[in-house]
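Accompanying notes for the structure given below.
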Amino acid sequence: MSKALIIDDEQQMRRLLRMLLESRGYEVCEANEGQHGLQEAAFHRPDVVLLDLGLPGLGGLEVLRRLREWSDVPVLILSVRDQEATKVQALEIGADDYVTKPFGSAELLARLNVIQRRRGPRHTPEIIAGPLKVDLLHHEAQIADEVLKLTPTEFALLKVLTEHAGRIVTQNQIVKQVWAGQSSDPSEGLRVHINHLRKKLGDRGIRIVNEPGIGYRLEAE
Amino acid sequence: MPVHVVGQFSCGLTILFVLASLCWVLLPYTGSTFSALVFLLAIVLAGTRWNRGPVLAMGVVSALVWNFIFIPPRFTLHIEKPEDVIMFGMFFVVALSMGHLITQLRERESALERTHREHEQLQEAKHRAELAAEAERLHRTLLDSVSHELKTPITIIRTALDGLGTANPFAAEIDTATRRLQRIVENFLEITRVESDAVKPAPDWCEFLDVIHSATSPLQRELLPHTLRIIVAENLPLLKLDNRLLSQALANVLQNATQHVPAGSEIEIHAALTPESALEIRVHDHGPGLPPEMEERVFEKFARAPGAPAGGTGLGLAISRGLMRAMKGDITVRNHPEGGAEFLLRIERVSQLVPSGSDSPQTPKTS
Chain A
1 MSKALIIDDE
11 QQMRRLLRML
21 LESRGYEVCE
31 ANEGQHGLQE
41 AAFHRPDVVL
51 LDLGLPGLGG
61 LEVLRRLREW
71 SDVPVLILSV
81 RDQEATKVQA
91 LEIGADDYVT
101 KPFGSAELLA
111 RLNVIQRRRG
121 PRHTPEIIAG
131 PLKVDLLHHE
141 AQIADEVLKL
151 TPTEFALLKV
161 LTEHAGRIVT
171 QNQIVKQVWA
181 GQSSDPSEGL
191 RVHINHLRKK
201 LGDRGIRIVN
211 EPGIGYRLEA
221 E
Chain B
1001 MPVHVVGQFS
1011 CGLTILFVLA
1021 SLCWVLLPYT
1031 GSTFSALVFL
1041 LAIVLAGTRW
1051 NRGPVLAMGV
1061 VSALVWNFIF
1071 IPPRFTLHIE
1081 KPEDVIMFGM
1091 FFVVALSMGH
1101 LITQLRERES
1111 ALERTHREHE
1121 QLQEAKHRAE
1131 LAAEAERLHR
1141 TLLDSVSHEL
1151 KTPITIIRTA
1161 LDGLGTANPF
1171 AAEIDTATRR
1181 LQRIVENFLE
1191 ITRVESDAVK
1201 PAPDWCEFLD
1211 VIHSATSPLQ
1221 RELLPHTLRI
1231 IVAENLPLLK
1241 LDNRLLSQAL
1251 ANVLQNATQH
1261 VPAGSEIEIH
1271 AALTPESALE
1281 IRVHDHGPGL
1291 PPEMEERVFE
1301 KFARAPGAPA
1311 GGTGLGLAIS
1321 RGLMRAMKGD
1331 ITVRNHPEGG
1341 AEFLLRIERV
1351 SQLVPSGSDS
1361 PQTPKTS
């Protein structure tokens, strides 16, 4: 059974999230402000944290920063629209994904599932997302057993996106991993390669979805 | 030469003439030294108000007049006695240096005053800018907190409804109403942002199909009864624009179209670059089109076409126009010759980047 920690200042929101998560078999603990949230995280060792960005007092970003000093528990950000810059900041501090209020339960549960599946040591040189298989040993990618002809940059890009399949990756995170941050106009190069990669992936059940102002998400059917 | 300086010259000469006449009358009682002092006094007084040119001219003229009239032999410039020559020389030097010193002092004072005034104006402008920034910050904070306060209950209702399931027809009604409420709240917040110039475009390279995707994915429900045809020019390059703002402007136009056309009808999106590198997006519906003279009015706040279905906020298109104008573009509408309304979203001079066929020279990090 997974344990979830909800850090949100709205009591009703916490109660509802608790009901929703408990109905899906989660064990739930909650905190109404940041400091308390950090204590709960240390005490209960949750498997996933739902963190509201708009906390009073110790803000969501600061809570995340302090949490990341000692824990790599998956964190889902609960945010409102028009906080793009803050969302990007949160993702780059180490949040795993975000949902935007008002969100649907299905979306929330799906995101929670994806971020809990991530990480853990990799024992095979293969990353699989739906029909897509990225073979790190042979530097090769296949969709439904058909080998894609990729340039080294496109392969590196696809690798990063597939590792995070279903999760958002910010533009900066991609640039850092693919170009080691060395690029005159990262945005431009990234778009160009995403464009090529999308053409090569075609319409075969793998989509690279852009989230304006934030980054990309690889979605497999 | 400025008019007031000419005025000072003539005024100065007149004063000298009057004083000379006066001193001539008083000469039997006072002697010539008195008239020299009177002239000097006049020069000093003139120096406190007038420009340097007229004052120095007064100095020269008064020296000559004094010599001509008051130093014997009278009515010639010739001076007989050596002490009178010295007197004349001293008068000349004193008159000129007094005039010079006093005007210089005054010029310095006024320059000081000017810089002081400029400094004050600068301070005032800075203060005003600080106040404006503070007002904007407050405005934004207020908007954020209002946004938070309004959206939290909507989120709670929606999450609760999700838990309830929409099998119950009453719950389905609440769900529809909640979505409508959410749209209204979002529209009101957005029009407030647009009208208070809080919308700042952040252009970045993007693929046009991403714009269409961002615009249509929140409208899946509304678009479901319609056929959406997307006709985008082949090989559209990467464009530098604010994807978020443009897709929102486009989404509002699409949303508006879904409300005004019969279910099952087609909505077309055409996008192309003009030779002048303006981006043109046309949204053509096959509805009844616009009533005459509504072409401009539809973009006004709360403008509603007669016979428009209930449920709209009358803000969507006003927001679209606000967003387009924030991006230095515009939105217009006309009735298409083949029927239906056609909205045109246009942004001038969009930077383009044609993705080349080969890998770019940037070297990938070896992994």
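If you read the sequences in order, they're chains A and B. As numbered in the working numbering, residues 1 to 221 make up the first sequence, in order. As numbered in the working numbering, residues 1001 to 1367 make up the second sequence, in order. No residue lacks a Cβ here, since even glycine has one placed at the ideal position from N, Cα and C. Owing to the predicted nature of the structure, the values given are computational and were not obtained by experimental measurement.
So which residues of chain B does residue i contact, with C-beta pairs closer than 7 Å?
{"i": "A/Pro102", "result": "Lys1151, Ile1154, Thr1155, Arg1158 and Gln1182"}
{"i": "A/Leu201", "result": "Ordered by position in chain B, no residue passes the 7 Å Cβ test against A/Leu201, which lies about 13 Å from the chain."}
As a quick exercise: from the options, pick the residue whose alpha carbon is nearest that of residue i.
{"i": "B/Glu1280", "options": "B/Tyr1029, B/Ala1129 and B/Leu1241", "result": "B/Leu1241"}
{"i": "B/Asn1051", "options": "B/Gln1008, B/Arg1282, B/Phe1302 and B/Val1298", "result": "B/Gln1008"}
{"i": "B/Ala1215", "options": "B/Glu1195, B/Ala1251, B/Glu1186 and B/Ser1351", "result": "B/Ala1251"}
{"i": "B/Arg1244", "options": "B/Ser1145, B/Phe1208 and B/Ile1267", "result": "B/Phe1208"}
{"i": "B/Arg1282", "options": "B/Ala1046, B/Ile1267 and B/Gly1289", "result": "B/Ile1267"}
{"i": "B/Glu1234", "options": "B/Leu1254, B/His1213 and B/Ala1272", "result": "B/Ala1272"}
{"i": "A/Glu126", "options": "A/Thr162, A/Val175, A/Pro74 and A/Tyr216", "result": "A/Thr162"}
{"i": "B/Thr1014", "options": "B/Val1065, B/Ala1036, B/Leu1037 and B/Leu1027", "result": "B/Val1065"}
{"i": "B/Leu1138", "options": "B/Ala1198, B/Ala1036, B/Gly1163 and B/Val1055", "result": "B/Ala1198"}
{"i": "A/Leu17", "options": "A/Asp72, A/Gly59, A/Val73 and A/Lys101", "result": "A/Lys101"}
{"i": "B/Phe1088", "options": "B/Arg1183, B/Ser1062 and B/Arg1117", "result": "B/Ser1062"}
{"i": "A/Leu53", "options": "A/Leu78, A/Asn32, A/Ala41 and A/Lys200", "result": "A/Leu78"}
{"i": "B/Phe1075", "options": "B/Arg1158, B/Ala1263 and B/Trp1024", "result": "B/Trp1024"}
{"i": "B/Phe1034", "options": "B/Ile1212, B/Phe1091 and B/Leu1056", "result": "B/Phe1091"}
{"i": "B/Val1354", "options": "A/Pro212, A/Met19, A/Asp97 and A/Glu188", "result": "A/Glu188"}
{"i": "A/Leu61", "options": "A/Gly34, A/Pro46 and A/Pro212", "result": "A/Gly34"}
{"i": "A/Gly57", "options": "A/Gly94, A/Gly37, A/Pro74 and A/Val73", "result": "A/Gly37"}
{"i": "B/Cys1206", "options": "A/Asp72, A/Glu10, A/Lys199 and A/Asn195", "result": "A/Asn195"}
{"i": "B/Glu1149", "options": "A/Met13, A/Lys3 and A/Ile7", "result": "A/Met13"}
{"i": "B/Glu1338", "options": "B/Arg1325, B/Val1006 and B/His1286", "result": "B/His1286"}
Apart from the five residues just before and just after residue i, which ones in its own chain have a Cβ nearer than 7 Å to its Cβ?
{"i": "A/Phe155", "result": "His139 and Ala141"}
{"i": "B/Glu1190", "result": "Ile1319"}
{"i": "B/Arg1334", "result": "Glu1295 and Glu1342"}
{"i": "A/Glu221", "result": "Gly130 and Gly205"}
{"i": "B/Ala1020", "result": "Val1065 and Ile1069"}
{"i": "B/Ile1079", "result": "Asn1067, Ile1071, Val1085 and Phe1088"}
{"i": "B/Ile1102", "result": "Val1044, Gly1047 and Thr1048"}
Can you tell me the Cα-Cα spacing of residue i and residue j, whole angstroms?
{"i": "A/Gln177", "j": "A/Ala106", "result": "31 Å"}
{"i": "A/Glu22", "j": "B/Val1232", "result": "46 Å"}
{"i": "B/Glu1276", "j": "B/Arg1349", "result": "7 Å"}
{"i": "B/Ser1032", "j": "B/Arg1106", "result": "30 Å"}
{"i": "A/Gly166", "j": "A/Leu50", "result": "17 Å"}
{"i": "A/Asp135", "j": "A/Val48", "result": "29 Å"}
{"i": "B/Pro1169", "j": "A/Leu109", "result": "25 Å"}
{"i": "B/Arg1140", "j": "B/Pro1203", "result": "21 Å"}
{"i": "B/Asp1210", "j": "B/Lys1328", "result": "21 Å"}
{"i": "B/Pro1225", "j": "B/Ala1263", "result": "5 Å"}
{"i": "B/Val1055", "j": "B/Leu1027", "result": "25 Å"}
{"i": "B/Arg1304", "j": "B/Gly1314", "result": "6 Å"}
{"i": "A/Ile214", "j": "A/Glu84", "result": "7 Å"}
{"i": "A/Gly25", "j": "A/Val169", "result": "28 Å"}
{"i": "B/Asp1144", "j": "A/Glu10", "result": "16 Å"}
{"i": "A/Leu64", "j": "A/Leu5", "result": "13 Å"}
{"i": "A/Phe103", "j": "B/Glu1118", "result": "55 Å"}
{"i": "A/Arg200", "j": "B/Gln1220", "result": "Contrary to the premise, residue 200 of chain A reads as Lys rather than Arg in this sequence. Approximately 27 Å between the Cα atoms of the pair."}
{"i": "A/Val209", "j": "B/Arg1128", "result": "45 Å"}
{"i": "B/Ile1154", "j": "B/Arg1179", "result": "9 Å"}
{"i": "A/Leu148", "j": "A/Leu218", "result": "16 Å"}
{"i": "B/Leu1228", "j": "B/Gln1248", "result": "17 Å"}
Quick check: does the Cβ of residue i come within less than 7 Å of any heavy atom belonging to the ligand ZN?
{"i": "B/Gly1339", "result": "Among the ligands in the structure shown, none appear at all, so the ligand ZN cannot be discussed."}
Which residues in chain A have a C-beta closer than 9 Å to the C-beta of residue i? List them in chain order.
{"i": "B/Asn1243", "result": "Asn210, Pro212 and Gly213"}
{"i": "B/His1148", "result": "Gly54, Val80 and Lys101"}
{"i": "B/Glu1207", "result": "Arg191, Ile194, Asn195, Arg198 and Asn210"}
{"i": "B/Asp1197", "result": "The premise fails here: B/Asp1197 is roughly 15 Å from chain A at the closest Cβ pair, so nothing lies under 9 Å."}
{"i": "B/Leu1353", "result": "Glu188, Arg191 and Val192"}
Short of 6 Å in beta carbon distance, which residues of its chain neighbour residue i, apart from the five on each side in sequence? Order them along the chain.
{"i": "B/Gly1059", "result": "Ile1043, Ala1095, Leu1096 and Gly1099"}
{"i": "A/Arg204", "result": "Ile143"}
{"i": "A/Tyr98", "result": "Ile77, Ser79 and Lys87"}
Cβ closer than 7 Å: which chain A residues qualify as neighbours of residue i?
{"i": "B/Asp1175", "result": "The premise fails here: B/Asp1175 is roughly 10 Å from chain A at the closest Cβ pair, so nothing lies under 7 Å."}
{"i": "B/Asp1204", "result": "Ser187"}
{"i": "B/Ser1247", "result": "Pro212"}
Report all residues from its chain with a CB closer than 8 Å to the CB of residue i; omit the five preceding and five following residues, and keep chain order.
{"i": "B/Gln1352", "result": "Pro1237, Leu1238, Leu1239, Lys1240, Leu1273 and Ser1277"}
{"i": "A/Leu197", "result": "Leu150, Glu154, Leu157, Leu158 and Ile208"}
Counting only Cβ pairs nearer than 8 Å, list the residues of chain A close to residue i.
{"i": "B/Leu1238", "result": "Glu188, Arg191, Val192 and Asn195"}
For residue i, which residues in chain B fall below 8 Å Cβ to Cβ?
{"i": "A/Leu20", "result": "Thr1159, Asp1162 and Gly1163"}
{"i": "A/Glu10", "result": "Thr1152 and Ile1156"}
{"i": "A/Ser105", "result": "Thr1159, Asp1162 and Gly1163"}
Would you mind telling me which residues of chain B sit closer than 9 Å to residue i, beta carbon to beta carbon, in chain order?
{"i": "A/Leu16", "result": "Thr1155, Ile1156, Thr1159, Ala1160 and Gly1163"}
> Is there contact between the stretch 1109-1117 of chain B and the stretch 1156-1175 of chain B, where contact requires at least three CB pairs shorter than 8 Å?
Replying inline: no
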